[in-house]
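**Q** I'd like to ask some things about the structure below.
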Amino acid sequence: MSTTLKKKSDLIKIKQYITDNKGHKIAAIIEIEELNKLKALLKTIPSSESWLYENKEAFESVQRGLKEASEGKISKLNLGEL
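Position in the sequence shown (first residue = 1) + 801 = my numbering.
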């Protein structure tokens, strides 16, 4: 099941970002109402997919693969050779 944000009011409003000394965003401050919206949104992620967000190594691997695919760096895999 996929969820699409349909209107601007569905977006989570960030009150303030916390950054590290290099300027990278490392945390966000939000109101309680926004936290409740975020919790509801997270409940829409199927458990069969939520593991990916909890496994940093796997998530980064998928991100790299998607980036490489978008850059045309793909190759065909012969399943018979596996």
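We put the CB at the ideal spot given by N, CA and C, even for glycine.
Keep in mind it's a predicted model, so treat the numbers as computed, not measured.
Mapping the DSSP letters down to three states, classify I833 as helix, strand or coil.
**A** Helix, per DSSP.
**Q** Using DSSP with H/G/I as helix, E/B as strand and the rest coil, what is K826?
**A** K826 falls in the strand class under three-state DSSP.
**Q** Is the Cβ-Cβ distance between L839 and I813 less than 8 Å?
**A** Taking 8 Å as the Cβ cut-off, L839 and I813 qualify as a contacting pair.
**Q** Under the DSSP definition of a beta bridge, which residues are partnered with Y818?
**A** In DSSP, Y818 forms a bridge with A829.
**Q** Could you give the first and the last residue of the continuous alpha helix (DSSP H) run that contains G866?
**A** Looking at the DSSP string, the run of the alpha helix (DSSP H) that includes G866 is 857-871.
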